[in-house]
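Asker: Questions regarding the structure given below will be posed in turn.
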Amino acid sequence: MEYDAGPVARVRSALVAAGIGDTVKTFPAGVPTAAAAAQALECDLAAITNSLIFDLSGEPLLILASGAARVDTALVAARLGTGRIRRASPAFVLEHTGQEVGGVAPVGHPRRIRTLLDESLQAHGILWAGAGDHNSMFSITYRDLHRITGALELPVR
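With the numbering used here, the residue at position 72 of the sequence shown is 98, and numbering never jumps.
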């Protein structure tokens, strides 16, 4: 049986392997929402990068969106030329990411997930994203986030 170091360790490994380094910060009180993360990090809510998993015809779609934005799934579906995009269930999220809702990271998943990156995040020099659990976040630039996720840049609202 292979040892599972846990979701945060997998995120750290992905960051280091991508040349970003270990920028993970852990917060004892937890940061399960964008608002809680912004408060703990003393940063703008819009600089928090939510990793939102959606169900697109049974396949996961990861949308990296600003914590200050609400994703317009109809707009995204129209831009992608796909069918309806549905919010994924917690079980679906865990199955495809190995991470629980509220702590999903942009990286560190068992398999590569089709990913979209909210263009509005470019406005921030440093972004903060979930690092695999409810207590951890990591810092990254927009350019590096785009590079390590292979995401399609797209307005999502």
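Where a beta carbon is used, it is the ideal one built from N, C-alpha and C, also for glycine. Being a predicted model, the structure only gives us computed values, none of them experimental.
So, at 7 Å on beta carbons, what are the nonlocal neighbours of Ile-166 in its own chain, with the 5 sequence-adjacent residues on each side left out?
Answerer: Counting from 1 along the sequence shown, the entry for residue 166 is found at position 140. Within the same chain, Ile-166 has close Cβ partners Ile-46, Thr-49, Leu-153 and Ala-155.
Asker: Is it true that the CB of Gly-129 sits closer than 8 Å to the CB of Asp-159?
Answerer: If you number the sequence shown from 1, residue 159 lands on position 133. If you number the sequence shown from 1, residue 129 lands on position 103. Yes. Within cutoff.
Asker: So, are the CB atoms of Ala-103 and Gly-109 less than 8 Å apart?
Answerer: Residue numbering aside, residue 103 sits at position 77 when the sequence shown is read from its first letter. Residue numbering aside, residue 109 sits at position 83 when the sequence shown is read from its first letter. Yes, these two residues count as a Cβ contact at 8 Å.
Asker: Have a look at Ala-230 and Gln-125 and give me their C-alpha separation to the nearest angstrom.
Answerer: Nothing can be reported for residue 230, as the shown portion of the chain is limited to 27 through 183.
Asker: Shortest alpha-carbon distance to Ser-11 belongs to which of Ala-44, Ala-62, Arg-137 and Thr-141?
Answerer: No statement about residue 11 is possible, as the shown extent of the chain runs from 27 to 183 and does not include it.
Asker: Going by DSSP, what residues sit across from Pro-86 in a beta bridge?
Answerer: Start at 1 with the first residue of the sequence shown, and residue 86 comes out as number 60. According to DSSP, Pro-86 bridges with Asp-81.
Asker: Val-119 and Val-182 - do their beta-carbons sit closer together than 8 Å?
Answerer: Against the sequence shown, residue 182 aligns to sequence position 156. Against the sequence shown, residue 119 aligns to sequence position 93. Not closer than 8 Å, so no.
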